[in-house]
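K.L.:
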Amino acid sequence: MEELFNIKGKNVVITGASSGIGENLARMYAQYSANVALLARSKEKLTDLAEELKSKYKVEAFPIPCDVTSEEQIIRAVEKAVSCFGQIHVLVNDAGVTEKSEDFTTHTKEQWDKVINTNLTGVYLVSKEVAKNMKEHNYGKIINIASTAGYMGMFNQISYTASKAGVIGMTKSMAVEMGKYNITVNGIAPGYILTKMTNPNSSGYRYYKSRTILGYVGEPDYLRGTALLLSTDASRFITGTTIVVDGGSLSNS
Ligand SMILES: NC(=O)c1ccc[n+]([C@@H]2O[C@H](COP(=O)([O-])OP(=O)(O)OC[C@H]3O[C@@H](n4cnc5c(N)ncnc54)[C@H](OP(=O)(O)O)[C@@H]3O)[C@@H](O)[C@H]2O)c1
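Reading the sequence shown from the start, the letters are residues 0 to 252 in numbering that gives the first Met the number 0.
1) Flag this pair as yes or no: are the beta carbons of A130 and T14 separated by less than 8 Å?
2) Does the stretch 98 to 109 come within contact of the stretch 141 to 152, defined as at least 3 CB pairs closer than 8 Å?
3) Figure out for me which residue from K134, I212, A233, T238 has the closest Cα to the Cα of S252.
4) Kindly indicate which three-state DSSP category P260 falls into: helix, strand or coil?
5) Could you spell out the range, first to last residue, of the alpha helix (DSSP H) harbouring N92?
6) Among Y221, S250, V96, which residue has its Cα nearest to the Cα of S162?
7) Buried or exposed for Q156, going by 16 or more other Cβ atoms inside 10 Å?
8) Counting pairs of Cβ atoms below 8 Å between the stretch 108 to 123 and the stretch 53 to 70, do you hit three or more?
9) Which whole runs of the beta strand (DSSP E) in the stretch 18 to 70 are 3 residues long or more, in chain order?
10) A80: beta carbon under 7 Å from a heavy atom of ligand 1?
11) Give a yes or no on whether the C-beta atoms belonging to I87 and V166 are separated by under 8 Å.
12) Measure the alpha-carbon distance for Y144 versus Y56 and round it to whole angstroms.
13) What are the boundary residues of the alpha helix (DSSP H) that includes V96?
14) Please determine whether the Cβ atom of Y191 lies at a distance below 7 Å from any heavy atom of ligand 1.
15) Under DSSP, the beta strand (DSSP E) around V244 begins and ends at which residues?
16) Taking 7 Å as the cut-off, does the CB of M196 come closer than this to any heavy atom belonging to ligand 1?
17) Look up V129 in the DSSP assignment and give the residues it is bridged to.
18) Between the Cα of I142 and those of V243, Y207, E1, spot the shortest distance and give me the residue it belongs to.
19) State yes or no: is the C-beta of E22 within less than 8 Å of the C-beta of L48?
20) Could you spell out the range, first to last residue, of the alpha helix (DSSP H) harbouring T225?
21) For ligand 1, is there a heavy atom less than 7 Å away from the beta-carbon of N185?
22) Just mark E128 as buried or exposed, buried being the case when its beta carbon has 16 or more other beta carbons within 10 Å.
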């Protein structure tokens, strides 16, 4: 059992590690003795988190500031992670944003570009650089954080739903191409999770709370088990799929 889910000593790159789900997963990997490279734009938060994880869990933790909308910064950040680790075993593509508008006729091109560049192009570019290292070592686990928004129509967030549907599609194609290198590529599609991106005083919160089968919305902690599964030998025969972690909201009638 312990061997199946063993992540000790593995090297994990996480984007979006400065906040919410990404930060929570970074804490989880460090707690289970994996080394972490923490990517996001907020340098100070990453530095503080890295210091905390190093002293608390005695792992290696590297803050690597990086804007995932910049290909140049991604190339430099992954080079840095490779120089720190040698081998990258796991990549978690978590960095994401959303932009809201009344409907898609008022969604601006700037909003569209920001969301697509971060959530979709960012996942493609970071995976592209990290997978080069994984191919060299004939091993890798890529986890793309999608969303239930990628499976359904949703009010007010046209670029977000498009980006997440894109991530779910791209996950399958990446898996198809990476299988022969012993690299698995999977997604996690969270439902409503309480983070900076969501708001417990909103109509969206009330709507999703009423939709979940379990009767409550999610916390970042609830994604830990699925992320650990997809990062370890426990998932050796799982690739090209996206696991929905949403308290049953997509399945509710
Ligand atoms: N919360 C939910 O209900 C929910 C549901 C489904 C899916 N998700 C997905 O889960 C992921 C994490 O979201 P969250 O809820 O944890 O939100 P969050 O707390 O706002 O965290 C977003 C993270 O993305 C990073 N980020 C944003 N733009 C970036 C950029 N250009 N370059 C690098 N990093 C960037 C942020 O760091 P910096 O600002 O420091 O760069 C932050 O670390 C996203 O992909 C989101 O779509 C969330």
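Beta carbons: idealized from backbone N, C-alpha and C, even for Gly.
P.N.:
Working from what's here:
1) Taking 8 Å as the Cβ cut-off, A130 and T14 do not qualify as a contacting pair.
2) Below 8 Å, too few C-beta pairs join the stretch 98 to 109 and the stretch 141 to 152 to call them touching: fewer than three.
3) Of the listed residues, the one whose Cα sits closest to S252 is I212.
4) Because the chain spans 0 through 252 in this model, residue 260 falls outside it and cannot be assessed.
5) For N92, there is no enclosing alpha helix (DSSP H); the enclosing beta strand (DSSP E) has its first and last residue at 89 to 92.
6) For S162, the closest of Y221, S250, V96 by C-alpha to C-alpha distance is V96.
7) Buried, since its Cβ has 16 or more Cβ neighbours within 10 Å.
8) The stretch 108 to 123, when compared against the stretch 53 to 70, does touch it at the 8 Å Cβ threshold.
9) Listed in chain order, the complete beta strand (DSSP E) runs (minimum 3 residues) inside the stretch 18 to 70 are 34 to 39, 60 to 64.
10) Between ligand 1 and the CB of A80, the shortest heavy atom gap is not smaller than 7 Å.
11) No; because the gap between Cβ atoms is not below 8 Å, this pair is not in contact.
12) Looking at the sequence itself, residue 144 is Ile, so the reference to Tyr does not match. Those two C-alpha atoms are separated by around 25 Å.
13) Note, V96: premise wrong, no alpha helix (DSSP H); not H, not E.
14) Ligand 1 approaches Y191 closely enough that one of its heavy atoms is under 7 Å from the residue's Cβ.
15) In the DSSP assignment, V244 falls within the beta strand (DSSP E) that extends over 241 to 244.
16) Yes - ligand 1 has a heavy atom lying nearer than 7 Å to the Cβ of M196.
17) Residue pairing of V129 in beta bridges, as defined by DSSP: absent, with no partner found.
18) Of V243, Y207, E1, the residue nearest in Cα terms is V243.
19) For E22 and L48, yes; Cβs fall inside 8 Å.
20) Going by DSSP, T225 is part of the alpha helix (DSSP H) stretching over 223 to 230.
21) Not so, every heavy atom of ligand 1 lies at least 7 Å from the Cβ.
22) Answer is buried; the Cβ neighbour count reaches 16.
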